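Numbers 526 to 695, taken from the numbering used here, label the letters of the sequence shown in order. The beta-carbon is built from N, C-alpha and C at its ideal position, and this holds for glycine as well. All values derive from a computational prediction rather than experimental measurement. See structure below.
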Amino acid sequence: MSAVARSIRPFAFRALAQKPLASACRAAPAFRFPRGTRSFSQSPLAQVKKYTESHEWIELADGANTAKIGITKYAASSLGDVVFVEIPEADLEISAGEPVGAVESVKSASDVLSPVTGKVIRGNAALEDKAKIINISPEGEGWIAELELSDPAELEGLLDEAAYNKTIDH
């Protein structure tokens, strides 16, 4: 063995005997987004959910021209077991504050008022067969109608989630 090989051998042996660092073995991505940020842009009106003081919600989708409406969790729990939901017919023109449907429970019945002006695209047909969907998922699968909005700016007069929660917390 040459003198150079003998002098390098102890260092090489120690380097190979040590466990590699986990960070050295892991491939790091070329670019990372800082935590808490999104990697895509989003319109301020996209996926906006607003509320009314009469316990309806509206959620924009599809580029802010259509929205689904329904009753809030608070309204669903106040009503109790829902037994019937009146859903609107397609192409019905409605104004803000007008009834767009009704919800009946074992305790009472209540109109569902439209938070905005628009035209009904469709009602949630699933509620005709299973009205209890409103009790299970009032702000999700329990939506009542999908509307084409006449003026998306009407949403600015509605409550955000924090403001709505203040109205029900007293």
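In this chain, Asp685 is not harboured by any beta strand (DSSP E), its DSSP state being neither H nor E. Thr577 and Ala650 have their C-alpha atoms roughly 24 Å apart. Pairing Val628 with Val607 gives a Cβ-Cβ distance under 7 Å. In chain order, His580 and Trp582 place their CB closer than 6 Å to the CB of Thr597, counting only its own chain and leaving out the 5 sequence neighbours on each side. Its chain contains Pro613, Ile619, Val637, Ser639 and Ala670 as the residues whose beta carbon lies nearer than 6 Å to that of Val625, once the 5 sequence neighbours on both sides are disregarded; these appear in chain order. Taken through DSSP and simplified to helix, strand or coil, Asp654 comes out as helix. Here the alpha carbons of Asn660 and Asn690 stand approximately 19 Å from one another.
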